[in-house]
Amino acid sequence: MSKQSVIQPWKATCDLRPEIRDRKLTASDFAVDLYKVINGWPGDMPFYCDPAQFFSTTYATQNLRQFCKVVLRRLAKVPGGEAVINVAQTFGGGKSHTLTTLYYLTTLGAKLPKGETSVGTILNDAQLADPPIARVAAVSFDKVDWVKGCEVASPTGEKRSFRMPWNLIAWQLLGQKGLDILARDEAKADYDTPPSDTLWAQILSEVEASGCGALILIDEFLMWAHDAASPDSSGQKQDRGPVWYDRFKNFFQRLSQATESSSRSCLVVSLLATDPQKNDEVGKAVLNACNNGLNRQASLQSPVEKDDLAELLRRRLFVSFPENPADREKHIVAFWPRMKAVDGVRAKQPDSVDRLKTAYPFHPDLLDRFFGKWTDLDQFQRTRGVLQTFAMALRDAEKWDESPIIGPQVFLNAPGKDGLSEALLKLAEAAKDSDRVKNPQWPTNLKTELPRAMDAQKADAATLTGREIEAACVAAFVFSQPIGEQAELSDLRWLLAGTCEMPAVLNNGLIAWAKASWYLEECDSTEAGTGVPKYWRLGPKPNLNQLHDSYKKQVLKHAKSKFNELAEKKCDPLYEGAVEEGIKPHKLPDAPADVDDDGQFRLVVLGADYAGVVGDPPLAKAQEFLRTHSSPSDIRTYQNIVLVATPSVTGLHQAEQQIAEWLAWEEIETSSQFKDLDNFQQKTVRDKKREALKAAQTSVKNAYELVLYLEKDGSIQAKKITLGAESLFATLLKETALRLFRQKIDAEAIMPNGLYPVWPATDSHIRVADLYQQFGRDPRLPKLLSGRTVLNTIEDAVRRGVLAVRCVRTDQSEAWFWRSGIDVTDWGKSAEAWLPAQATLNALSSAAVLPAALSGLWPKTDDGVKLSDLFSWFDGTHVFEEETQPGYPPEMRPIPKVDYTFVKKAVSKAIQDGGLWLVYGNDSVFSEAPTAIQMDADALLFRPPAALAAMDLLPTALSDAWTTEAEPKTTVSALYADLKAKRGRPWPTKLFMDSVNAALGQGFIHRVSGTGPISSLQNDGSTDLMIRSAAPKPQEPPPTQTPAGRRASSLAVLSISEIQDLADQIHMLSKPLAGMDPQIEVRITVKTKGDGDLSLANSILDKIKAGWKL
């Protein structure tokens, strides 16, 4: 396509006719009355009574030209004509227009406006310079009264009235002579018997003898024939009834036979009636009888077909328009990118552009629908109906529509104007009246549906500017006729594409309308990726949405009570996580008395009656749950560990709406209407109920936007919270204003002169059980979630050495803990927290004497500490250093007083556990219990010695112990002596023996004789050791035995690169070995590297062949 140009609205490229723009149009403006053309009418005459105006607005379609051609050539007595024509067209399809065209062409003579294009094209196709003059007998049977008949003129202009068709025709052809020939005087018997074909032949011969042919035009025959075939309702007259069926058949059969036998006469018959109600059983029987008489001689002709509609509309509705297809293409190119963006697949269809060019400025799909499926609606007048409907639509839409193409949007009312446009109302009425059994209320339905489509666009597709979603509603209605038809998603998009700049937003709007619609039938098939329904059918009955809405209005009054039920029984996020933390949740208690005042943390969730306004003071009745207990005078003791959650007023309102959504689906499922729904609708109801329940539960949870708590000054405050995806408890933990502590607090904050005044300055200790109670009573203190918080705080402080704990057992014995865990069951009930400076311990953990526990006292080097010095650190006057924050000076922490005997036990246990290393004289003790002698006051304590590696035992490290020969040798005792000398102190013998055995196991050193590990220095000190110069060559494994019946290649050792070469050539090798079942045996060898980790290599081999490993 050519370069894009500026997009112009259709009203800028096409100019409406003044009579369409300036006045109210009726069906008569688009319906030609043949009787008025021939006989005139009182008052102003319609435009079509002026031949010049008539032909100026006539578009000579291919079918109309062909129709006129066969009639004119018959009358001109030249080959190519047809004698009898049965007009095959529904009402409103151009029948009367065609008959009027023939009348003018054959009667005007020199007055015929041959300068009009339509006249010229008709004569050109007929290959006639001038149309032949004919004697015309035209009867519009909608004007023929059964009793009084209809007045017609003879060739001399004399007018008389007749009731019977044959007399009406004979009088117009020959006057009295024609009546005499037929001899059917309506005042005499047998007037109602159709004349024979010989009588008709005589009349036609008389006409043709004058030098012209007879042209008999019969229009709307069913209008009169229906009355004739319908029995008299009073039963008094016998001249009407089914007897007429044969008369109709005989009439048309004899007349058509005579016409066929004539030289140049022509019979054109249009049987159908303007009134669709005539097309009942009687009407069908009449048409059947007439067609049986006609079709033996008649050819079927249709003046207007689908492809003619666009040009008919252009010529009838516009003064000017782009007549040349190239001019139309220019305007289509301008908005074509929109079409491609909205539906790229449809845009790629070969005829997509050509169809737009042919129909411009009208959307071709819209015209196809009106001239296709809508013709099945008996109240829609085909061509006439399309003309009138579009005329009304364009007259109104011209004022506001800026669309580049005439699509469904032109049927909308002006923006801001309620109700249906005149054009859409006419379509809706036609669709309604065409189904007299179901009588679908389309006008009412559309008045309800269009505002919902408009609201959907405002809410979810506000950036669209072309009223696309409302237009989609109109399109869905048009494509849903007759009832049962539907539009595919591609149909809607293509109709809307001309105005749409944002396809994604259009999708959002369509989805929103589908969800809000009251008349769109449910569709479970959606487009992948967008979720837009694939099919769109506007049904005559309310859909589930409307049914749901009616039930929702009924159940909304019960939503508040259901809110409480859901909050209490079906909303786990309001309570989950609380019990696990030692918190007691209260589900919608009736009164403060239901919330115990026993020192346990309480989370109170109140119901709808306690809803508060965000930003306002808390409700007094909600505050009572914090302030009081069993009665207004019973003041609650532990107010600081009570939190009260309430819904907000706005949150409650939103939740009630969502609850009503759920209840309405539930009501539908249990209603009597449910069984009348189809299977898909029933499934939809169940699915919607489940979804709505989940949404209701979420909305109930989210409604809890307020938490009441005790502020530091003792006042009650309401804090706004937002739950989001978390539980209520998890949300509260994140609110810093609530001052909640879950795990622990800093122990220094509760010690004398600390941040929280819970420990009297003069007291050396405090009961642990009393601490939590004080936090629950005093609003100045933070809120501890449970007693466990206090226990965690104390236990952490004991491990750090900030506090000591004294526990009294049931037998009244006591146990002290400092710098260790507390291993007494339920110690919090009986324990006392002590300041270490004022405590004298009767026990000490081995962890308390380690260098890490006594930082600042233990030297930072590898130097040892005398046991006597360590005893002195526990005299009650020393402190250790605690680094509280990196980069800051350490805090000095008092060390409690402990008798040296308890310290000695702790040190002995630390040595045995490998936490300390004792050296006394030549004794070195580590990871074993020291003797009483070794625990001398002058004994030295060291940090644990580092483990020895095998390299620490080799000649490079202990040269004095090994000989200098090629394979160095030594003894176990020599190794130990050299190690002791090199390290400067006796080495722990157990650690030494473990290192020697490890080196033996790894192959670094070997026993000269014997096998097995070294048991002890005392027993195996003289054992000779050596270092071998080379490892013995491993024994070559025996070759794999070749199975019987197979032949093996010689053994080859391949490198990694050679393996790759094998892989490259294996396909070549398979050709000469085809059919021999070749197999390859593989073994990988690697150099040993001590205890190298082969797990990764083995996992790779196992992936290649299960069980293959190194």
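full-length UniProt numbering puts the sequence shown at residues 1 to 1110. Backbone N, C-alpha and C fix where the C-beta goes; we use that ideal spot for every residue, glycine too. Remember, it's a predicted structure, so these values are computed and weren't measured experimentally.
So with Cβ pairs under 7 Å, would you call residue i a contact of chain D?
{"i": "residue 241", "result": "Any reference to chain D falls outside this structure, which holds one protein chain only."}
Compute the beta-carbon to beta-carbon distance between residue i and residue j, rounded to the nearest angstrom, for a pair I have assumed lies under 8 Å.
{"i": "residue 294", "j": "residue 256", "result": "6 Å"}
{"i": "residue 150", "j": "residue 174", "result": "With a Cβ gap of about 18 Å, residue 150 and residue 174 do not count as contacting."}
{"i": "residue 134", "j": "residue 258", "result": "Contact flag wrong, Cβ pair sits at about 16 Å."}
{"i": "residue 1127", "j": "residue 217", "result": "Since the first and last residues shown for the chain are 1 and 1110, residue 1127 lies out of range."}
{"i": "residue 917", "j": "residue 988", "result": "7 Å"}
{"i": "residue 611", "j": "residue 646", "result": "6 Å"}
Run the CB neighbour count on residue i, radius 10 Å, all protein chains shown included, and call it buried at 16 or more, exposed below.
{"i": "residue 1015", "result": "exposed"}
{"i": "residue 381", "result": "buried"}
{"i": "residue 579", "result": "exposed"}
{"i": "residue 811", "result": "exposed"}
{"i": "residue 983", "result": "exposed"}
{"i": "residue 1062", "result": "exposed"}
{"i": "residue 339", "result": "buried"}
{"i": "residue 583", "result": "buried"}
{"i": "residue 827", "result": "buried"}
{"i": "residue 924", "result": "buried"}
{"i": "residue 1068", "result": "exposed"}
{"i": "residue 164", "result": "buried"}
{"i": "residue 41", "result": "exposed"}
{"i": "residue 831", "result": "buried"}
{"i": "residue 172", "result": "buried"}
{"i": "residue 507", "result": "buried"}
{"i": "residue 195", "result": "buried"}
State the start and end residues of the unbroken beta strand (DSSP E) segment that holds residue i.
{"i": "residue 216", "result": "213–219"}
{"i": "residue 107", "result": "Counting along the chain, residue 107 falls outside any beta strand (DSSP E), though it belongs to the alpha helix (DSSP H) covering 95–107."}
Would you say residue i and residue j are within 7 Å of each other, going by their C-beta atoms?
{"i": "residue 640", "j": "residue 757", "result": "no"}
{"i": "residue 1123", "j": "residue 14", "result": "Because the chain here runs from 1 to 1110, residue 1123 falls outside it and cannot be looked at."}
{"i": "residue 335", "j": "residue 7", "result": "yes"}
{"i": "residue 96", "j": "residue 34", "result": "yes"}
{"i": "residue 943", "j": "residue 851", "result": "yes"}
{"i": "residue 456", "j": "residue 513", "result": "yes"}
{"i": "residue 262", "j": "residue 204", "result": "yes"}
{"i": "residue 708", "j": "residue 573", "result": "no"}
{"i": "residue 845", "j": "residue 813", "result": "no"}
{"i": "residue 848", "j": "residue 873", "result": "no"}
{"i": "residue 367", "j": "residue 310", "result": "yes"}
{"i": "residue 833", "j": "residue 805", "result": "yes"}
{"i": "residue 536", "j": "residue 476", "result": "yes"}
Start and end of the alpha helix (DSSP H) containing residue i?
{"i": "residue 902", "result": "900–912"}
{"i": "residue 469", "result": "468–479"}
{"i": "residue 657", "result": "649–670"}
{"i": "residue 267", "result": "Segment 266–269 is the beta strand (DSSP E) holding residue 267; no alpha helix (DSSP H) there."}
{"i": "residue 325", "result": "325–342"}
{"i": "residue 756", "result": "Careful: residue 756 lies outside any alpha helix (DSSP H) and carries neither H nor E."}
Once the 5 residues before and after residue i are set aside, which same chain residues still bring their CB inside 8 Å of it?
{"i": "residue 16", "result": "317, 318, 319, 394, 395, 398"}
{"i": "residue 526", "result": "532, 533, 534"}
{"i": "residue 934", "result": "918, 920, 923, 925"}
{"i": "residue 667", "result": "551, 554, 555"}
In its own chain, which residues sit with a C-beta less than 6 Å from the C-beta of residue i, not counting the 5 before and 5 after it?
{"i": "residue 60", "result": "118, 121, 122"}
{"i": "residue 992", "result": "976"}
{"i": "residue 723", "result": "701, 702, 731"}
{"i": "residue 78", "result": "none"}
{"i": "residue 600", "result": "584"}
{"i": "residue 1107", "result": "none"}
For residue i, collect the residues of the same chain with a Cβ closer than 7 Å to its Cβ; drop the 5 residues on either side in sequence, then sort them by chain order.
{"i": "residue 1036", "result": "The predicted model places residue 1036 with a pLDDT of 48, which falls under 50 and marks its position as unreliable, so this point remains unresolved."}
{"i": "residue 728", "result": "573, 574, 645, 704"}
{"i": "residue 90", "result": "Bear in mind that the predicted position of residue 90 carries a pLDDT of just 49, short of 50, making it unreliable; the figure below should be weighed with that in mind. Cβ neighbours of residue 90 beyond the five flanking positions: 272, 375, 382."}
{"i": "residue 389", "result": "423, 426, 427"}
{"i": "residue 343", "result": "490, 493, 494, 497"}
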